[in-house]
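Chemist:
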Amino acid sequence: NCSINNGINFRIECAARVSDGELHTFDNKLVALETKELILAINIGTDAKGNDPKEEISAIKWPDQSWDELFEEHLKEYNKHYGRLKLELSDQPAEDKPTDERMEAARKDGYSSGLAELYFNYGRYLLCASSATAELPAHLQGKWNEDLYPPWESDYHHNINLQMNYWIAEPAGMHNYAEALLQHIERFVPHAEKAATDLFGCRGVWFPIQSDAWGKATPEAYGWAVWMGAAAWLAQHVWWHYEFGQDLSYLKDRAYPFLKKVVEFYEDFLIEDENGVLQFVPSQSPENRFVGGGELPVTLCVSATMDVQLAWDVITHSIKAAQIQGTDADKQEQWNSMLNKLPKLQIGSKGQLLEWNEEFEEVEPGHRHVSHLFGLHPGEQICPDETPELFKAAKRSLELRLESFGGHTGWSRAWTACFFARFGEGDEALRHVIRLVTDFSTDSLLDLHPPRIFQIDGNLGGAAAVLEMLFQSYKEVLDFLPALPKAWQSGKINGLRARGGYNVGIEWDNGKLAKATVSPLKTKECIIRKRGLNLIIKDDSGSEITVKDCDKFIKFVAEQGREYKITPV
62 NCSINNGINF RIECAARVSD GELHTFDNKL VALETKELIL AINIGTDAKG NDPKEEISAI
122 KWPDQSWDEL FEEHLKEYNK HYGRLKLELS DQPAEDKPTD ERMEAARKDG YSSGLAELYF
182 NYGRYLLCAS SATAELPAHL QGKWNEDLYP PWESDYHHNI NLQMNYWIAE PAGMHNYAEA
242 LLQHIERFVP HAEKAATDLF GCRGVWFPIQ SDAWGKATPE AYGWAVWMGA AAWLAQHVWW
302 HYEFGQDLSY LKDRAYPFLK KVVEFYEDFL IEDENGVLQF VPSQSPENRF VGGGELPVTL
362 CVSATMDVQL AWDVITHSIK AAQIQGTDAD KQEQWNSMLN KLPKLQIGSK GQLLEWNEEF
422 EEVEPGHRHV SHLFGLHPGE QICPDETPEL FKAAKRSLEL RLESFGGHTG WSRAWTACFF
482 ARFGEGDEAL RHVIRLVTDF STDSLLDLHP PRIFQIDGNL GGAAAVLEML FQSYKEVLDF
542 LPALPKAWQS GKINGLRARG GYNVGIEWDN GKLAKATVSP LKTKECIIRK RGLNLIIKDD
602 SGSEITVKDC DKFIKFVAEQ GREYKITPV
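In our numbering, the protein residues as written are 62 to 630.
1. Quick check on the DSSP output: the beta strand (DSSP E) that includes W569 runs from which residue to which?
2. Please state if the CB of K402 and the CB of L339 are separated by a distance shorter than 8 angstroms.
3. Where does E624 fall in DSSP's three states?
4. Following the continuous beta strand (DSSP E) through T107, name the residue where it begins and the one where it ends.
5. What residue range does the beta strand (DSSP E) around L94 cover?
6. Can you round the beta-carbon distance between A526 and A478 to whole angstroms, since I take them to be within the 8 angstroms contact cut?
7. DSSP puts L596 in a beta bridge; with which residues?
8. Buried or exposed for N66, please, with buried defined as at least 16 other CB atoms from any protein chain shown within 10 angstroms of its CB.
9. Assuming G234 and L146 make a contact with CB atoms under 8 angstroms, what is their CB distance in whole Å?
10. Alpha carbon to alpha carbon, what distance is there between P212 and Q370?
11. Within a Cβ cutoff of 6 angstroms, which residues of the same chain sit near I627, ignoring the five residues on either side of it in sequence?
12. Give the straight-line distance between the Cα atoms of E537 and L406, rounded to the nearest whole angstrom.
13. Let me know the secondary structure DSSP gives K321 once reduced to three states.
14. With a threshold of 6 angstroms on Cβ separation, who are the neighbours of E416 within its own chain once the five nearest residues in sequence on each side are excluded?
15. Which term fits I376, buried or exposed, when burial requires 16 or more other beta carbons within 10 angstroms of its beta carbon?
16. L437 and F480 look like a contact to me (Cβ under 8 angstroms); what is the Cβ gap, rounded to whole Å?
17. Grab the span of the alpha helix (DSSP H) containing E165 for me, first residue to last.
18. Would you please state the rounded distance, in angstroms, between the beta carbons of A177 and V494? I believe it to be under 8 angstroms.
19. Whose CA, out of K158, D157 and H245, lies closest to the CA of A199?
20. Taking the CB atoms as reference points, tell me whether A239 and H298 lie closer together than 8 angstroms.
21. By the three-class DSSP mapping on this structure, what secondary structure does H2 have?
22. Expressed to the nearest angstrom, what Euclidean distance is found between the alpha-carbon atoms of K583 and E149?
23. Mark S13 as exposed unless 16 or more other C-beta atoms lie within 10 angstroms of its C-beta, in which case mark it buried.
Here it is as structure tokens:
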């Protein structure tokens, strides 16, 4: 038993069993004699929910199976989720070398066969292990911390770190683990509503930049705590869970009510200026600063680019959600009007996308956060087809960051790899993934934040980057091998999920698409990016499907429950 003043009291119990031999307790020690197998079962109870720790432990039955039976039961449950997706980046057998040797080889050669595949699968494992119960989402250290006073208190950062932890959950078929994040968000709502009213005089919800397990929307005293975008960024994950899964009950009962609360805050918070533009006051680009008129750097401004992009994202998704349900026609009209009145994204003198509403001098040109590129990734406001000039400007912004030694944390390097995947530059994306592994990881592949602090977001963001190179589905357009590196000449991936509700598999050979399979959750028009290929589509009976050719895309009606095979001519 452990009692902590003004803290959580807890109790730890351990049950021990031997297959043969003897088991004794002596002088507060457990002694096993002449046994081949010792099984320890550990249970921890707390009073976090108001329960007596002892009662919490007694509610769980101690296992009486053999080790083999326990392991088989565990493996069955684990594979039910982890086994949905399978990735093969090479037909070569896995390297039988420890990770430190493989990392050293990658430092010398720039690429280690199978290392990216291993890192991707490791990221999936870490998400499974840190989110399986859905009690709490993965924090900055996942759930693993050895320090009494951990870095950043092992908290939740809502300005990229928590969100990055769950970038792979929906597309990698691990959507059940997103439930931990969704419950975290919903747990906040009552206090977030109070914070919106008390702090800003607004309806809706306001989420802080940092939080913990208690779900309190309490700002810190630091300047960067005055940030309005956390709820909107978390709302993106709420929307994704519907967008990938197409569960209308979830949309109606959970997703849409939260999206409306976030937009409701913006309805009250935004200020229309003399030109009819809705401005964000105060606003800032998370944790970044610019040179002001005085002696100290400035964080606050009017309408930072990221705030505009986040509002665009959540308002757009709220309109879609209302349209799908056939509800709130008046709100749809109001929200469309808000979208049209948002500030325009601006391009600076160097051809870069501006981070603030004016071209201020940056205090740290290589800052770890690249918040003004949210609209490129993980958002979808900036894309090559609809906003080519902004797409080009976003790339120039990233180049300027890297020229000033940006990407100097594990998670920032992972985000950089994701950006290059969105730019369609697979070799460059892979280079940053390998740098993430070799320069920002322990020998056991755990991500490191400078100076050498374990932080899990880089692991999970790096896994997302690998996925982005192989498949993207922004705006419900299926894009096979959008950023395939030359090093991955052949391979396959099965068990992918796509926006719009599709299960997807991809195979490639000699650096080109060999075959893809698509199975929709509902009957709908399926849109596929051609990437210069002539594609033939056949259904699961072998019949060729009539398609509509639209320059860069092909479209066809995909029926629920059927599988379609896409092959190049």
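All C-beta atoms in this analysis are idealised placements derived from N, C-alpha and C, irrespective of residue type, glycine included.
Modeler: In brief:
1. Its beta strand (DSSP E) spans residues Y563 to D570.
2. Between L339 and K402, the gap from beta carbon to beta carbon is short of 8 angstroms.
3. Reduced to three states, the DSSP call for E624 is coil.
4. For T107, the enclosing beta strand (DSSP E) has its first and last residue at L99 to T107.
5. Its beta strand (DSSP E) spans residues K90 to L94.
6. Right, the Cβ-Cβ distance comes to about 4 angstroms (below 8 angstroms), so this counts as a contact.
7. Partner(s): P629.
8. Burial is judged here by how many other beta carbons sit within 10 angstroms of a residue's own beta carbon; N66 has fewer than 16 and is exposed.
9. Going by Cβ atoms, the distance from G234 to L146 rounds to 5 angstroms, so yes, they are a contact pair.
10. For Q370 and P212, the distance between alpha carbons rounds to 30 angstroms.
11. Hits under 6 angstroms: A577, L596 and I598.
12. Between E537 and L406, the C-alpha separation is close to 23 angstroms.
13. Helix.
14. S346, T366 and H433.
15. Residue environment for I376: buried (at least 16 other C-beta atoms within 10 angstroms of its C-beta).
16. 6 angstroms between Cβ atoms; contact.
17. Per DSSP, the unbroken alpha helix (DSSP H) holding E165 starts and ends at T160 to D170.
18. The Cβ separation is near 6 angstroms, so the contact holds.
19. Ranking K158, D157 and H245 by Cα distance to A199 puts H245 first.
20. Cβ atoms of A239 and H298: closer than 8 angstroms.
21. Residue 2 falls outside the range modelled here, since the chain spans only 62 to 630, and no answer is possible.
22. Each residue's Cα considered, the two are about 28 angstroms apart.
23. Outside the modelled stretch of the chain, which goes from 62 to 630, sits residue 13, for which no answer is possible.
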